[in-house]
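Single-structure report; data block below.
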Amino acid sequence: MHPVTMTVNEVRHELELEPRDLLVHVLREQLSLTGTNVGCDTSSCGACTVLLDGQSVKSCTLLGVQADGATITTIEGLATGGELHPVQQAFHDHHALQCGYCTPGMVMAAVSLIGNREAGDRDSIRAGLEGNLCRCTGYHNIVEAIAEVAGSTS
Amino acid sequence: MSATETWGIGAPLKRKEDGPLLRGRGTYVDNLDLPGTVVMIIVRSPYAHARIASIDTAAAKAAEGVVAVFTGADLRDDWKAAMPCAWPVTEDMKNPEHFPLAVSQVNYQGDGVAVVIADTRAHAVDAAELVDAEYDVLEAVVDVAAAARDGGTLVHEELGTNVSYVWPLESGTFDEDADVIVKHTYVQPPLIPNAIEPRGVVARPEPGGDVTLWSATQVPHILRVLTAATLGMSETKLRVIAPDVGGGFGSKCDVYAEELLAGAIARRLGTPVKWIEERSENALATIHGRDFVTTLELAATADGKITSLRANVIASMGAYLQLVTPGIPLLGAWIYAGPYAIPNYSVTFTGVFTNTTPTDAYRGAGRPEATYVLERTMDLLAKELGMDRLELRRRNFITEFPATIASGLTIDSGDYHASLDRLLEHLGLEELEAEQQARRDRDDVKQIGVGFSTYNEMCGLAPSRILGAIRYAAGGWETATIRCLPTGTFQVVTGTSPHGQGHETAWSQIVADQLGCDPSEVEVLHGDTSISPYGLDTYGSRSLPVGGAALWSAGEKIIEKAREIVAHQLEVSADDLEYEAGTFTVKGSPDKEMTVKGAAWAAFTAHNLPDGMEPNLEATATYDPPNFSWPGGAHAAVVEVDTGTGDARLIRYVAIDDVGTVVNPLIVDGQVHGGITQGIATALYEEAIYDEDGNLANGTMAMYLVPSAAELPSYELDRTESKATDHPFGAKGVGETGTIAAAPAVINAVIDALSHLGVTDIQMPATPERVWRAIEEAKQ
Ligand code: FES
Ligand code: FES
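Those sequence lines, one after another, are chains R and H. For the first sequence, the residue numbers in the numbering used here are 1 to 154. For the second sequence, the residue numbers in the numbering used here are 1001 to 1780.
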């Protein structure tokens, strides 16, 4: 067991972790933050995407111990005071989710893309979402939602 | 805009379902954390075909945290029936015995042989490694066409054949002397549905022997009946809950081994059992789609009138018959002629066993397989006739409705010319053809092609009598209940089971439109057999065509009872009342009025109801559709092919669909976007690849190419509308249209891009290697 400290959605946690605990399992099982989903076992789907120190990461590819000292935001921490984050709101407005299973990861990836100014046009948005799979929406409305928030030019 | 235009039928109402899903508050099965839960891991066969020599579980049983280990033999007596197949398509269909765990022989890679139950997932995984199973490996049967031939290896020796059934449909005689006959054989490989949420189940034993089963399923009602039968318990003792379900596409329309195992083991151990599928496990253990080899022949006159069609289909069942495996080809049997009037018609299906994952419903189920071979062959025939491919289609479109087609069904409505006209308005075909010519002239390494698919399909499963006639074990009706609550709100209970389709929103719009309320005043309950005891669930684009119609019928019953109440309260004759959007007015006295909500309050207090009338305003309707639902349309794909690398990329996709009345255009467009994407994926990217020993060679998401946003363009959609005359408000199904239409449009486009090089055929998926080889072969 290793002592690990992380701040998740603005709450500081002191945890004892097994070396093999994946970050996604720490979030889901130890912190009961089940909004972050698991969709694969090969780091392919992006359902598990969270923000770690402001950047999107696939939480299934990191060990919990690697997040020692990190600041993490999960989908549960995105809305502030009951208000949806602009990306969440745009997903709602553009019908960018159907079953919702990819949605938490997709939203976190989008927040990071927009924050990094990598969503200037729809082609960049599509390229930036390469690591996030959705089987329901065909991505069309996801791209529209992100383009609206990012003010993409084309 | 009137009020109903902003929220009634036809309004682009934003979804009611979104809030919790956007905030990470979904109720997916894996999020369920019941006290005392133990974790189940399945030990699966690494071989596709083998006898089980021995299984030693001693080391696993002794491992840390392990609660129990069971083999197939240990659990054999827990099953009071074999795993269910609800569609014995012929009287003499061969159906091998199939239990949740194999007892003596494994028949596909991933067939379960044992389960390990432990206190944590980590312990269960570790212990599963210690289960020591020995196998005597047998030769595997993988190739679909070879499986059908006599004298080869048998998947199930006890059956004496690999052929499960032969099912013919014939009407008229094929015109062997026609001016032109084209014939071509198409391979449609197996596909992995890959809903982004893998499957999962939690079974909790309840006091008194009851069981509650939460499952990532499309079919809680069907699952309840068949799980109870397999476990030998009363249906009344089993409650099935489908919580939020992360997509299905047919792959969660089944009764799976793990659901039965969790139920049986929870009863044995007296504690909740949880199983969550790993993605790589999903590639083996969840059904596959397609896997057809089809030879299609079309006969036509020299001026392009198609006179005959003959399809010979060999369809892989995989290793066993799952819930509706043998019936999947039949779901396409009536539409091999698509939107075309072809008088002589013959389709024969041969269902064969192979040592591969069982096949079953995957988006479109039988219809994409039909449309693909038809639309590909339409292009071949046009070429053979020297006729424009769209002109050939137009010459053969069915134009009079209702239309009884050669396969025997009646298409209630449609307008195929209108869809094609609209498609051409959007497409700019002349510019594309000019661009294509310019690239050809300059021998550009990147060539473009345009491909078409004009399609129809039959969905909205299904009229019960027809299902009976084709030997399906259940009916095709759906139910709905509307309860008018005293506070002016409405509670709807539906037998459909959404997993992304937005029924809560669409059903609310229907009630709002019909009974005059705001959609936010409607609560929609679904997916729990103790709340909605009857229902036949969600698959085959049936929810709106059948479940929506049931809801509408319940609404009509509400209006009729409310009319009696209002007449009584206003002291007028019921015949003197006019009804519109929730309000009754008295003819000639427009100041006298009462709403459905007012009637609901009167029915609740019951102070002043007509003599003998039951209090409360509530109605249930069960709707058995008189016909299938017949959407159609015209799609075009524009691809760019790098002739140096063989890389084919979609650059535009234009889809015109006719799905009759649209309840919510946002949701309908979303269904079309998703459907098209799965069709494109079929055409360009996806295939479950088996080696000759039956090993699945690409069974991970890293190897199996589910396309991302980066591979796809934005889509251009529009609609034409011919209302379904066999539906109470004109709606047709939409869930599968895109998948049915898209694959042939894309492959036709790839071939069009390369036709000047002599390429006439490319097998799906059109991977860079296949495209490159096709170009090289054409050069020879
Ligand atoms: S679960 Fe992390 S990438 Fe799929
Ligand atoms: S909304 Fe279902 S996977 Fe994206």
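Don't be surprised by glycine CBs; every beta carbon is placed ideally from N, CA and C.
- Interface criterion met: the Cβ of S1714 of chain H is under 9 Å from a Cβ in chain R.
- Distance from the Cα of G1332 of chain H is smallest, within the candidate group H:V1245, H:W1167, H:D1412 and H:T1496, for H:W1167.
- When Cβ pairs closer than 8 Å are counted between the two stretches, the segment 1665-1682 of chain H is seen to touch the segment 87-102 of chain R, the count reaching three or more.
- In summary, the residues of the segment 1489-1511 of chain H whose CB is separated from some CB of chain R by less than 8 Å are H1499, G1500, Q1501 and G1502, in the order they occur in the chain.
- At a cut-off of 9 Å between beta carbons, A1195 of chain H contacts chain R.
- Secondary structure note for K1592 of chain H: its beta strand (DSSP E) is the uninterrupted segment S1589 to T1595.
- Taking 9 Å as the cut-off, the beta carbon of D1303 of chain H is found no closer than this to the beta carbon of P1020 of chain H.
- DSSP places K1383 of chain H in the helix class (H, G or I) of the three-state scheme.
- Contact between the segment 1110-1124 of chain H and the segment 1035-1048 of chain H is present: 3 or more CB-CB pairs across the two stretches fall below 8 Å.
- From the beta-carbon of F1249 of chain H, the residues of chain R found nearer than 9 Å are R135 and C136.
- Residue contact check for A47 of chain R against chain H: a CB pair falls below 9 Å.
- Close CB contacts of T1489 of chain H within its chain, under the 8 Å cut and outside five residues either way in sequence, are with C1517, E1521, V1522 and E1523 (chain order).
- With fewer than 16 other Cβ atoms from the protein chains shown falling within 10 Å of its own Cβ, H2 of chain R counts as exposed.
- In the three-state reduction of the DSSP assignment, M108 of chain R falls in the helix class.
- Straight-line measurement puts the Cα of S1104 of chain H at about 5 Å from the Cα of I1052 of chain H.
- Close to N1031 of chain H, with beta-carbon spacing below 7 Å, are these residues of chain R in chain order: T34.
- Here A1266 of chain H has A1203, R1204, P1205, V1211, P1272 and V1273 as same chain residues with Cβ atoms under 8 Å from its own Cβ, once five neighbours each way along the sequence are excluded.
- Nearest to H1673 of chain H by alpha-carbon distance, out of H:E1736, H:R1442 and H:P1207, is H:E1736.
- Per DSSP, the unbroken beta strand (DSSP E) holding P1205 of chain H starts and ends at G1200 to P1205.
- In its chain, beyond the 5 residues on either side, S1164, Y1165, A1315, M1317 and P1326 have a beta carbon closer than 6 Å to the beta carbon of G1351 of chain H.
- Across the set H:N1456, H:Y1028, H:L1409 and H:M1083, the C-alpha of H:N1456 shows the shortest separation from the C-alpha of Y1416 of chain H.
- Interface with chain R (9 Å Cβ-Cβ cutoff): D1018 of chain H is included.
- Distances from the CA of V1187 of chain H to each of H:T1767, H:Q1763 and H:A1774 were compared; the closest alpha carbon is that of H:Q1763.
- The C-beta of H13 of chain R comes no closer than 9 Å to any C-beta of chain H.
- For M1701 of chain H, the CB falls within less than 8 Å of some heavy atom of ligand 1.
- DSSP, read as helix, strand or coil, puts W1275 of chain H in strand.
- The Cβ atoms of D1752 of chain H and G1449 of chain H lie closer than 9 Å to each other.
- With contacts defined by Cβ atoms closer than 9 Å, D1528 of chain H and F91 of chain R do not form a contacting pair.
- Taken in chain order, the complete beta strand (DSSP E) segments of 3 or more residues contained in the segment 1043-1108 of chain H are 1050-1056 and 1066-1071.
- For T34 of chain R, the CB stays at least 8 Å from every heavy atom of ligand 1.
- Under the DSSP assignment, Y1416 of chain H falls in the alpha helix (DSSP H) whose first and last residues are Y1416 to L1427.
- The closest heavy atom of ligand 1 lies 8 Å or more from the beta carbon of R1199 of chain H.
- Look at which beta carbons fall closer than 7 Å to any heavy atom of ligand 2; those residues are R:L97, R:Q98, R:C99, R:G100, R:Y101, R:C102, R:T103, R:M106, R:C134, R:R135, R:C136, R:T137, H:I1196, H:G1246, H:G1247 and H:G1500.
- Out of H:V1106, H:E1640 and H:W1552, the CA that lies nearest to the CA of Y1135 of chain H is found in H:V1106.
- Annotation for R1279 of chain H indicates a beta carbon within 8 Å of some heavy atom of ligand 1.
- When H:I1656, H:T1295, H:E1258 and H:E1139 are compared, the shortest CA-CA separation from H1426 of chain H is found for H:I1656.
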